[in-house]
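With my numbering applied, the sequence shown closes on residue 309, and no number is skipped along the way.
For each residue, glycine too, the CB sits at the ideal point set by N, CA and C.
Read through the structure below, which is laid out as structure tokens, and then see the notes.
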Amino acid sequence: MDSALILQPTIEVPGVDLEAYMRSVSTVALLTEQEEKALAERLFYHEDVEAARRLVIAHLRFVVHIARSYKGYGLPQADLIQEGNLGLMKAVKRFDPTRGVRLVSFAVHWIKAEIHEFVLRNWRIVKIATTKAQRKLFFNLRSAKKSLALLSQDEAKAIAGDLNVSVKEVFEMEGRLGAHDAAYDAPADSSQDDENMYVPANYLQDTGVDPAMLVEQEMDSGFAYEDLAAGIKLLDERSRDILQQRWLSDEKATLHQLAAKYGVSAERIRQLEKSAMKKLRTSINDDYLFDA
Numbered sequence: 018m019d020s021a022l023i024l025q026p027t028i029e030v031p032g033v034d035l036e037a038y039m040r041s042v043s044t045v046a047l048l049t050e051q052e053e054k055a056l057a058e059r060l061f062y063h064e065d066v067e068a069a070r071r072l073v074i075a076h077l078r079f080v081v082h083i084a085r086s087y088k089g090y091g092l093p094q095a096d097l098i099q100e101g102n103l104g105l106m107k108a109v110k111r112f113d114p115t116r117g118v119r120l121v122s123f124a125v126h127w128i129k130a131e132i133h134e135f136v137l138r139n140w141r142i143v144k145i146a147t148t149k150a151q152r153k154l155f156f157n158l159r160s161a162k163k164s165l166a167l168l169s170q171d172e173a174k175a176i177a178g179d180l181n182v183s184v185k186e187v188f189e190m191e192g193r194l195g196a197h198d199a200a201y202d203a204p205a206d207s208s209q210d211d212e213n214m215y216v217p218a219n220y221l222q223d224t225g226v227d228p229a230m231l232v233e234q235e236m237d238s239g240f241a242y243e244d245l246a247a248g249i250k251l252l253d254e255r256s257r258d259i260l261q262q263r264w265l266s267d268e269k270a271t272l273h274q275l276a277a278k279y280g281v282s283a284e285r286i287r288q289l290e291k292s293a294m295k296k297l298r299t300s301i302n303d304d305y306l307f308d309a
């Protein structure tokens with residue numbers, strides 16, 4: 018379903034003016050059960066896009082209501098609403114009017130699922146919940162805690178029993194919820210000496226620009242090239258030409274092209290190539306052993 022066809026011009030975009038958006042969706046009249054069923058049947062049986070648009074717009078206020086319950090995660094309310102709207106669109110597309118339930122009851126799952134995914138993707142740099150049980154714990158632990166203080170052993174046991182997880186997982190998730198992402202660089206307005214600040218940029222080693230490593234890599238590359246050139250000179254002219262044509266040319270020759278050139282079979286060219294490669298590897302390895 019094309020989202021561009023669903024939102025009409027009279028509905029503001031959440032990210033532009035959130036208050037104006039909330040006012041506009043609150044003025045949209047709710048559908049009666051008969052109106053909703055008629056629109057849902059038009060969409061279900063005839064793929065009527067206009068019916069889908071009206072169903073979505075009539076339920077945007079419910080997305081706002083659900084998104085408000087996720088304020089505690091420190092994410093922009095407009096973004097939460099946008100994600101919830103995506104869930105609403107998916108629900109409308111999948112809604113079956115023959116099931117005998119109202120659209121809002123069916124859509125709640127899809128709206129929350131999209132918001133949950135958005136929260137998990139953006140709340141922390143490192144994934145905070147990966148399994149289904151961890152996700153359930155993540156979204157329920159905040160409301161299950163009776164205060165901002167750390168959980169006691171008894172409280173953790175009670176929460177673990179309610180959510181069907183271990184006490185250890187409860188304490189681990191509590192620690193993740195209370196943790197904060199550390200910036201890689203020092204704050205731009207910091208007045209402290211950059212060298213004394215405890216930030217990753219100051220104590221993580223970057224081996225990619227180590228002068229000693231760069232010199233060593235350059236020397237290794239030079240030695241490898243010299244050994245390769247010396248090894249090729251030890252081959253007979255035909256073997257040297259085969260390797261040149263097969264491996265060192267911009268436009269590599271095929272076995273059949275070289276076979277035609279030398280008046281032998283393609284299989285014979287393959288054997289000569291294999292033998293030349295073996296001699297070349299032996300020559301290079303012998304040079305390294307000798308140097309060592």
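Residue i burial status per 10 Å Cβ neighbour count (16 or more: buried)
i	result
leucine 289	buried
arginine 85	exposed
arginine 263	buried
valine 118	exposed
histidine 273	exposed
glycine 178	exposed
histidine 76	buried
phenylalanine 307	For phenylalanine 307, the predicted structure reports a pLDDT of 42, less than 50, and the residue's modelled location is therefore unreliable. The matter cannot be settled from this model.
leucine 252	buried
leucine 265	exposed
alanine 173	buried
aspartate 211	Caution applies to aspartate 211, whose pLDDT of 47 falls short of 50 and renders its modelled position unreliable; the model cannot decide the point.
Residue nearest to residue i in terms of C-alpha spacing, selected from the options
i	options	result
isoleucine 259	Tyr62, Arg287 and Tyr87	Arg287
leucine 245	Lys296, Ala130 and Val136	Lys296
glutamate 64	Glu52, Leu35 and Arg111	Arg111
alanine 68	Met106, His82, Ile83 and Thr44	Met106
glycine 248	Glu268, Glu172 and Ala293	Ala293
serine 169	Lys185, Thr44 and Tyr87	Lys185
leucine 120	Glu50, Glu191 and Leu275	Glu50
leucine 35	Val81, Asn181, Leu154 and Leu72	Val81
arginine 257	Lys291, Ala277 and Asp267	Lys291
serine 300	Trp127, Lys250 and Ser183	Lys250
Through-space distance from residue j to residue i, alpha-carbon basis
i	j	result
glutamine 94	asparagine 139	13 Å
proline 114	phenylalanine 188	44 Å
alanine 37	leucine 47	19 Å
valine 42	arginine 70	13 Å
glutamate 134	methionine 39	23 Å
glycine 280	glutamate 254	15 Å
arginine 116	valine 109	13 Å
tyrosine 62	phenylalanine 79	25 Å
alanine 284	alanine 130	Note that residue 284 is glutamate in the sequence shown, not alanine. Rounded to whole angstroms, glutamate 284 to alanine 130 spans 60 Å at the Cα level.
aspartate 171	isoleucine 83	31 Å
lysine 269	methionine 190	58 Å
valine 45	tyrosine 87	23 Å
alanine 276	arginine 298	24 Å
glutamine 261	threonine 271	12 Å
valine 182	leucine 72	39 Å
glutamate 52	alanine 175	45 Å
leucine 154	tryptophan 127	19 Å
aspartate 267	tyrosine 90	56 Å
leucine 60	valine 66	7 Å
leucine 180	serine 122	23 Å
Check: residue i C-beta below 6 Å from any heavy atom of the ligand COA
i	result
arginine 255	Looking for the ligand COA in the displayed structure turns up nothing, as the structure carries no ligands at all.
Supposed close pair residue i, residue j - CB separation, criterion 8 Å
i	j	result
isoleucine 74	glycine 104	With 8 Å as the limit, isoleucine 74 and glycine 104 do not qualify as a contact, their Cβ atoms being about 15 Å apart.
valine 125	leucine 92	So it is not a contact: roughly 20 Å between Cβ atoms.
With three or more C-beta pairs closer than 8 Å as the rule, is the region 92-105 touching the region 55-64? no
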